[in-house]
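Asker: Residue numbers (our numbering): -2 to 147.
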């Protein structure tokens, strides 16, 4: 059983160091060093899925790694205040059969009293960032979004 003493305080500097080790420009991401930082009851949500539990979270990470040829992430801003941390990033995924596509986003991490991540919410515009790299379609997509939602 992990105790608070087993888990380091994840200040902005530690988060940058740990997440920078996850993604690289030489191949697939490896989250194995981050898994101990997540609570067994982690709740994860992004623009395409919502899941609960550490096993489901780890399976999602492994599926993503399996699908991509390479993935890297540039971390811009990291802020930790009390039990929340916010990470601003650009993630570029290179798939086997599709062109690479950068996605810009932000993650919100919530920590429990044991300093484990109990919730992660990733915010990004998956379809907009992908559409920006598809000739002709990107203009139609942006027109549609401005017309009906802007």
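All C-beta atoms, glycine included, are put in the ideal place defined by N, C-alpha and C.
Drop a sphere of 10 angstroms on the beta-carbon of residue 132, count the other beta-carbons inside from all chains shown, and report buried for 16 or more, exposed for fewer.
Answerer: Classification of residue 132: exposed, given that the 10 Å Cβ count is below 16.
Asker: By Cβ distance, which residues of its chain are closer than 8 Å to residue 50, with the 5 residues on each side in sequence left out?
Answerer: Taking residue 50 as the centre and dropping the five residues before and after it, the same chain places the C-beta of 37, 38, 39 closer than 8 Å to its C-beta, in chain order.
Asker: Please classify residue 26 as buried or exposed, where buried requires at least 16 neighbouring CB atoms within 10 angstroms.
Answerer: buried
Asker: In terms of alpha-carbon separation, which member of 120, 77, 113 lies closest to residue 33?
Answerer: 113
Asker: Could you tell me if residue 144 is buried or exposed, where buried requires 16 or more neighbouring beta carbons within 10 angstroms of its beta carbon?
Answerer: exposed
Asker: Does the structure place the region 69 to 80 close enough to the region 8 to 23 that three or more beta carbon pairs sit under 8 Å?
Answerer: yes
Asker: Looking at the unbroken alpha helix (DSSP H) that takes in residue 125, where does it start and where does it end?
Answerer: 123 to 128
Asker: Looking at the secondary structure, which residues open and close the alpha helix (DSSP H) in which residue 59 lies?
Answerer: Membership of residue 59 in the alpha helix (DSSP H) is indicated by the continuous run 51 to 64.
Asker: Would you say residue 11 touches the ligand MN, meaning its beta carbon is less than 7 Å from a heavy atom?
Answerer: The model on display carries no ligand, and the ligand MN is accordingly not part of it.
Asker: Tell me whether the beta-carbon of residue 41 lies closer than 8 Å to the beta-carbon of residue 66.
Answerer: no
Asker: Using the three-state DSSP reduction, which class does residue 12 fall into: helix, strand or coil?
Answerer: helix
Asker: Report buried or exposed for residue 141, applying the criterion of at least 16 other Cβ atoms within 10 angstroms of its Cβ.
Answerer: A residue is called buried when at least 16 other Cβ atoms come within 10 angstroms of its Cβ; residue 141 does not meet this threshold and is exposed.
Asker: Kindly list the residues whose CB is nearer than 7 Å to the CB of residue 44, restricted to its own chain and excluding five residues on each side of it in sequence; keep chain order.
Answerer: 121, 123
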